[in-house]
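Remarks on the structure that follows.
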Amino acid sequence: MTTVSAVETRPFGEALKDAQRLVSDYAMDCLAGDDLLLEAMRYAIIGGKMLRGFLVLESARLHGVDQAAALRAALAIECIHAYSLVHDDLPCMDDDDLRRGQPTVHRKFGEDLAVLAGDALQTLAFELLAHPETGPHAIRLIRGLAQDAGKDGMVSGQMLDMAAESASEPLTLDQITKLQSRKTGCLIAWSATAGAVLAGADERPLRQFADALGLAFQIADDILDVEGDESKVGKRVQKDAVAGKATFVSLLGLDGAKTRAHELADTACDALGVYGDGAETLKAAARFVISRDS
Ligand code: IPE
Ligand code: IPE
Ligand code: MG
Ligand code: MG
Ligand code: MG
């Protein structure tokens, strides 16, 4: 098979830690200052797995993209993700007190500041991508993020999720798949394809990878809600069952959900053939996503 890249691979654990360090340090630089809004934004962005930032950096590495541009895109997606979680945890949404093992942003800073910190994280993402040195494909990346984060993407998924809570019938597997592909899948797909988009390369293999990965990720989230240990997961567990929500676990059963997650991780890995050995780190990410305990 012809490969499009001969980039060296690194152990996944090491690559993820590097991504966490690089993105966190850069976030601290961009958000330096002692006003309370900046403090709340820093608090919101730190402490996650930074899987989306990792996917950006790794897909950029596969395509030889300029590292500074890749880092801005990695921070941009972590800003959007953090904003989505800050708003998701608000009393008017999921009303959660615990996130990443710490009090949620509104519990620590108040609801008003949590709303504003989320708003400012969202606009910061677009400011980062609109940097003059993002390169000739910046506009595709920016437009893609607006779509994947907005009314046809993450926000639409959140809306479907809210509607599902008060629906008279539990959702079907097709409906849950659509909901989750928007709520969780769109931002993961943007992240995993960002490197190809920045390089102006064919993004289809990474999109296929990401579509399977995003679904596997959400199934793992649903499994963790049932089986996870709150002290490791860092957020409240057993929420879905208490809310009477249809999830992949409630529809497929625990074993069925685990089997499906494994199949999806295999599908994700199979999509990366074109990258040859260079894609081993991304393949390990797919295995991590379904075996994680947080
Ligand atoms: C949690 O995402 C929200 C979902 C989309 C299921 P992550 O599990 O990636 O959260 P962090 O960023 O590591 O805290
Ligand atoms: C949140 O989904 C996903 C987004 C913020 C887009 P959930 O409500 O299932 O996530 P957790 O379980 O609170 O992390
Ligand atoms: Mg929610
Ligand atoms: Mg939630
Ligand atoms: Mg969840």
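Residues 3 to 296 in our numbering are what the sequence shown lists, from first letter to last.
Every residue gets a Cβ at the ideal spot worked out from N, C-alpha and C, and that includes glycine.
Computed from a prediction, not measured in an experiment: that's the story for all the values here.
CB of residue i within 7 Å of CB of residue j, strictly
i      : j      : result
Arg102 : Asp91  : no
Leu189 : Leu266 : no
Ala287 : Phe14  : yes
Leu53  : Gly197 : no
Thr283 : Arg12  : yes
Arg262 : Leu254 : yes
Lys234 : Ser296 : yes
Glu80  : Ile48  : no
Asp96  : Thr106 : no
Leu59  : Ala70  : no
Distance cut-off 6 Å: residue i Cβ against heavy atoms of ligand 5
i     : result
Asp96 : no
Backbone CA spacing between residue i and residue j [nearest angstrom]
i      : j      : result
Leu18  : Phe56  : 6 Å
Leu181 : Phe211 : 19 Å
Ser7   : Ala281 : Here Ser7 scores only 47 on pLDDT, less than 50, and its place in the model is too uncertain to base an answer on.
Lys185 : Leu226 : 17 Å
Ser252 : Met156 : 22 Å
Cys32  : Asp20  : 18 Å
Tyr85  : Glu129 : 15 Å
Ser183 : Leu215 : 10 Å
Any non-hydrogen atom of ligand 1 within 6 Å of residue i CB
i      : result
Leu77  : no
Gly50  : yes
Arg102 : yes
Thr136 : no
Contact test: residue i Cβ vs ligand 3 heavy atom, cutoff 6 Å
i      : result
Asp99  : no
Asp224 : no
Asp90  : yes
Any non-hydrogen atom of ligand 2 within 6 Å of residue i CB
i      : result
Thr130 : Checking the sequence shown, residue 130 turns out to be Leu, not Thr. Leu130 Cβ: outside cutoff for every heavy atom of ligand 2.
Leu181 : no
Leu87  : yes
Lys260 : no
Met156 : yes
Lys185 : yes
Candidates the options: closest to residue i by CA position
i      : options                        : result
Ala148 : Ala201, Cys271, Ser193, Asp242 : Ser193
Gly347 : Asp231, Ala203, Gln104, Ala119 : Absent from the model: residue 347. The displayed extent of the chain is 3 to 296, so no value can be given.
Tyr45  : Ala116, Thr249, Ala259         : Ala116
Gly187 : Phe219, Thr249, Lys51          : Phe219
His108 : Pro93, Ala127, Asp121          : Pro93
Leu24  : Asp279, Asp150, Lys51          : Lys51
Buried or exposed (CB count within 10 angstroms, at least 16 for buried), residue i
i      : result
Gln124 : buried
Gln240 : exposed
Short CB-CB distance (under 7 Å) between residue i and chain C
i     : result
Glu16 : This model lacks chain C altogether, as it is built from one protein chain only.
Ligand 6 heavy atom lying under 6 Å from the CB of residue i
i      : result
Leu254 : No copy of ligand 6 appears in this structure; the ligands present are ligand 1, ligand 2, ligand 3, ligand 4 and ligand 5.
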